[in-house]
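Notes follow the structure.
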Amino acid sequence: MPPTVPPGTLAERLQCLLGLSVFVAAAWLIGRWRTRGQARTPFPWRVVGWGIGLQFAFAVLVLKTPDLMLYVTRAIDALLGYTRDGARMVFGNLFENAVPVTPDADGKLPASAGTPGPARCSRSSSSRRSSSFPA
9 MPPTVPPGTL AERLQCLLGL SVFVAAAWLI GRWRTRGQAR TPFPWRVVGW GIGLQFAFAV
69 LVLKTPDLML YVTRAIDALL GYTRDGARMV FGNLFENAVP VTPDADGKLP ASAGTPGPAR
129 CSRSSSSRRS SSFPA
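Each residue of the sequence shown is one higher than the last, beginning at 9 in this note's numbering.
Written out as structure tokens, the structure reads:
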């Protein structure tokens, strides 16, 4: 378990509360500014209270259960591993080796250098529609 940190001084705690009130006041001012000249509804203090309460609850969860955050981090890393495996399956060797993508002498990128453009396409628009795909 990590070492405990002594609580801050009263001035440090008041500084945190001042910062929180400045953010709430800024949100209120932006709301008033955006609705100038319109009929205003009352400020949603209940929503602000729920938001601040949920933020404190999440902070307590993160600070008091560091092992939970470690498990969440490992789960996200596992999902990213599946993403890498999927990219390796789809792109093969291109995933492993970085291929430089620079334009050639004609100004075309290597992936599009040999492909026909829309004007040179040999198929008509009716033959492009296959029976398995809806129009």
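Just so you know, even glycine gets a beta-carbon here, dropped at the ideal spot from N, CA and C.
On a predicted model such as this, the values are computed, not experimentally measured, just so you know.
How would you write the range of the alpha helix (DSSP H) that residue 16 sits in, first residue to last? That residue, residue 16, is in no alpha helix (DSSP H); it is neither H nor E in DSSP.
What three-state label does DSSP hand residue 73 in the structure shown? Here residue 73 sits in coil by DSSP.
For a test of the three-state rule: what should DSSP assign to residue 30, helix, strand or coil? It is helical.
Nearest-angstrom Cβ-Cβ length linking residue 56 and residue 32, presumed shorter than 8 angstroms: The beta-carbon separation of residue 56 and residue 32, rounded to 6 angstroms, stays under the 8 angstroms limit for a contact.
Where do the ends of the alpha helix (DSSP H) carrying residue 102 lie? Unbroken alpha helix (DSSP H) run through residue 102: 101–104.
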